[in-house]
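Asks: Okay, handing you the structure first.
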Amino acid sequence: MARVRMASGFRWVSLLVQTTVWFSAVANAQDPPPAYLQTPTPQQLEWHRLEYYAFVHFGPNTFTNEEWGVSQSTPDVFNPTALDTDQWAKSFADAGMAGMILTAKHHDGMALWKTNSTTYQIGNGKWAKDRVSQGLSADVVQLAAASAKKYGIKFGIYLSPWDIHRDPAMPKPNLTSTIYDEPQIFGDDTPGDYNELYAQQLTELVTMQLDDVSPIEVSELWLDGNSGSDTVQTFNWTDFRNIIREYQPGAIMWGHQGVDARWVGNEDGVTVATNWHCISRTQDETHYSGEELQTGVRDGTYWTPAEADARIRDGWFYHSTEQPKTADVLMSMYLQSVGRSVNLLLDVPPDTTGQIVQGDVDVLLEFKAQRDAFFNRTLFTPEAAVTASSVRGGNDTLFGPANVLDGNSDTYWAMNADETIGWLEVDLGETHSIDAFITQEHIALGQRVGEYTIYGVVGGVYKTLVSGTSLGYKRIDRLSAPVQTSRVRISITQANATPLLNSFQVLGE
Ligand code: FUL
12 MARVRMASGF RWVSLLVQTT VWFSAVANAQ DPPPAYLQTP TPQQLEWHRL
62 EYYAFVHFGP NTFTNEEWGV SQSTPDVFNP TALDTDQWAK SFADAGMAGM
112 ILTAKHHDGM ALWKTNSTTY QIGNGKWAKD RVSQGLSADV VQLAAASAKK
162 YGIKFGIYLS PWDIHRDPAM PKPNLTSTIY DEPQIFGDDT PGDYNELYAQ
212 QLTELVTMQL DDVSPIEVSE LWLDGNSGSD TVQTFNWTDF RNIIREYQPG
262 AIMWGHQGVD ARWVGNEDGV TVATNWHCIS RTQDETHYSG EELQTGVRDG
312 TYWTPAEADA RIRDGWFYHS TEQPKTADVL MSMYLQSVGR SVNLLLDVPP
362 DTTGQIVQGD VDVLLEFKAQ RDAFFNRTLF TPEAAVTASS VRGGNDTLFG
412 PANVLDGNSD TYWAMNADET IGWLEVDLGE THSIDAFITQ EHIALGQRVG
462 EYTIYGVVGG VYKTLVSGTS LGYKRIDRLS APVQTSRVRI SITQANATPL
512 LNSFQVLGE
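In my numbering, each residue's number is its place in the sequence shown (first place is 1) plus 11.
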């Protein structure tokens, strides 16, 4: 009996051990892979998804036909004949742009909002005074923010750190002995503190109320790193960052090399093929070169993704002699920015009426139609037959390859935990003519992939169609000529941690 009891006790213990092992295997199979090095904040993740939005350069330069406002004209020059910020927002929303970033103050120093920080503001000009006397708002930042809200797009603010109006090295003959003759506090060797002025302006902007008394919502603060003078001003970026974080916790702080997003290193809306979302320097450290900013730093210290700023015309401000780029040129720009994991910030400047000219709106809409025609040709459906070299813990439901087809940005395919190379293959069921691929890494857990190849099965043989390096948030690969195939495979051939693919799509007929 005793032996039997012992045997049955042993069986129970053994069953218990087995069950525990099974439960822990199941639990492990359900655990998401750990994050790899740097990851985006929730705000950065949301920002990545904006992809394409407008820059609006508007201010005294629009009327003096300048780019930098070195003429230092009085605010009377700011005289839009038919200002309509709704027309801006509607045009951008119709064009599929996710938001707009307005120059609240460009290098010239003239404020487009009602401020206590300077007399050099449009509010002191004739246009604004006339409007206010008619009971209309003359606060262009407030008006534009309200229009963005009305049309459901994001609103960002450009506030130039370099301020010609306060820079002693910049002459201002037009302003001598006027109320605009203000202390020249830009630069370390001058009395007073420009950082305080800047912090005040920033605070006013991020705490602004709209006409309906709702608080302004700022999605991005564009703190330009450029300066055209020898005056050296050491900026107090930490203070500026704290102000932004306190009042607009959801906002992205753009700077030459961060904090939250970086310059792409050129002003052409393009970047090189390899793009890492990280870099390893802060805003206070020596600047990276343009080339370094384009590529970024693999496994760098900070998640600081790139944004490519570009112009629809030659200048940032409107000049009647210039023409907009064609939709084809914008499409090629888009594929070399958004298609390389970099957000595209396209400047579309209002003219002296205070509206975006029809020709520019037409190009934006044509470009949208072109994008729609290109992207609305996805061939993979959630029902497509998809297989993979392995699946994490064998858990197809959580980590299976079908996750790349489900259109859900929270799900992804993960291969076995100890693997960094492997493949995923989709069978289209019948032959199609394919010409482009869209691949997304699950960047919420970091950027991992360093090399990939996409194949099409042609005549029973795996034919290399694309070979690339980084993937990141989104990679669009376009073939120079269509290929006929019914099966497509993506192979990850190098990754620094087990790769996680969020989405894989093929475009064609
Ligand atoms: C540059 C400025 O100097 C240009 O005027 C423009 O605003 C561009 C977006 O940034 O640094």
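For each residue, glycine too, the CB sits at the ideal point set by N, CA and C. Quantities reported herein were computed from a predicted structural model and do not represent experimental measurements.
1) Rounded C-beta distance between R273 and P316? I'm assuming under 8 Å.
2) So the beta strand (DSSP E) I263 belongs to, where does it begin and stop?
3) So if DSSP puts E452 in a beta bridge, which residue, or which two residues, is it bridged to?
4) Have a look at the DSSP bridge pairing and note the partners of M219.
5) Would you tell me roughly how many angstroms separate the C-alpha atoms of S188 and D241, rounded to the nearest one?
6) Beta carbon of D383: closer than 6 Å to some heavy atom of the ligand FUL?
7) Which residue from V472, S481 and F386 puts its Cα closest to that of G457?
8) For the stretch 69-132, which segments carrying the alpha helix (DSSP H) assignment without a break, of at least 4 residues, lie completely within its bounds, in sequence order?
9) Below 8 Å on the Cβ atoms is my guess for Q495 versus G461; work out the distance and round it to an integer in Å.
10) Assuming N206 contacts F246 under a Cβ cut-off of 8 Å, what Cβ separation, rounded to an integer in Å, is found between them?
11) Classify Q516 as buried or exposed, calling it buried when 16 or more other Cβ atoms lie within 10 Å of its own Cβ.
12) Beta-carbon separation of E215 and T129 under 7 Å?
13) Quick check: the stretch 145-155 against the stretch 211-231, are at least 3 beta-carbon pairs closer than 8 Å?
14) Assuming G163 and A104 form a contact by the criterion Cβ under 8 Å, report the distance between their Cβ atoms to the nearest whole angstrom.
15) Compute the Euclidean distance between the alpha carbons of E520 and T450, then round it to the nearest angstrom.
16) Nearer than 6 Å: is that true of the beta carbon of N419 relative to any heavy atom of the ligand FUL?
17) Starting from F251 and walking both ways along the beta strand (DSSP E), at which residues does that stretch end?
18) Any contact of the stretch 435-448 with the stretch 411-426, i.e. 3+ C-beta pairs under 8 Å?
19) Since I believe L232 is in contact with I168 (beta carbons under 8 Å), could you give me their beta-carbon distance rounded to a whole number of angstroms?
20) Tell me, which residues are paired with A396 by DSSP?
21) Below 7 Å between beta carbons: does that hold for Q381 and Q98?
22) Compare the Cα-Cα distances from I133 to each of D446, A157, T85 and A428 and report the closest residue.
23) In angstroms, rounded to a whole number, what distance separates the CA positions of V372 and S171?
24) Considering only their Cβ atoms, is the gap separating P361 from F328 smaller than 7 Å?
25) I want to check one thing, is the minimum distance from the CB of W265 to the heavy atoms of the ligand FUL below 6 Å?
26) List the DSSP bridge partners of G479.
27) At a cut-off of 6 Å, is D279 close to the ligand FUL when judged by its beta-carbon and the heavy atoms of the ligand?
28) Can you have a look at N237 and say buried or exposed, based on whether 16 or more other CB atoms are within 10 angstroms of its CB?
29) Have a look at the DSSP bridge pairing and note the partners of A447.
30) Put D358 into one of helix, strand or coil per three-state DSSP.
31) Of all the options W173, W314, Q211 and A65, which has the alpha carbon lying nearest to the alpha carbon of A46?
32) Quick check: what's the CA-CA separation for M3 versus L512?
33) Going by the C-beta, is N72 closer than 6 Å to any heavy atom of the ligand FUL?
34) Rounded to the nearest angstrom, what separates T282 and E302 at their Cα positions?
35) Classify K474: buried if its beta carbon has 16 or more other beta carbons within 10 angstroms, exposed otherwise.
36) Can we count D235 as close to the ligand FUL, meaning its CB is less than 6 Å from some heavy atom?
Replies: If we stick to the structure as given:
1) 7 Å
2) I263 to G266
3) L512
4) DSSP output for M219 lists no bridge partner at all.
5) 25 Å
6) no
7) S481
8) 71-75 and 96-105
9) About 30 Å separates the two Cβ atoms, so there is no contact after all.
10) Between F246 and N206 the Cβ distance is about 7 Å, and since that is below 8 Å, they are a contact.
11) The residue is buried, with at least 16 neighbouring Cβ atoms inside 10 Å.
12) no
13) yes
14) The C-beta distance from G163 to A104 rounds to 6 Å, short enough to meet the 8 Å contact threshold.
15) 18 Å
16) no
17) Following the DSSP letters along the chain, one finds F251 in no beta strand (DSSP E) but inside the alpha helix (DSSP H) bounded by residues W248 to Y258.
18) yes
19) 6 Å
20) D438
21) no
22) T85
23) 27 Å
24) no
25) no
26) Y463
27) no
28) exposed
29) By DSSP's assignment, A447 forms a beta bridge with R489 and L518.
30) strand
31) W314
32) This structure does not reach residue 3, given that the chain is present from 12 up to 520, and the question cannot be answered.
33) Residue side-chain check: N72 keeps its Cβ at 6 Å or more from all non-hydrogen atoms of the ligand FUL.
34) 9 Å
35) exposed
36) yes
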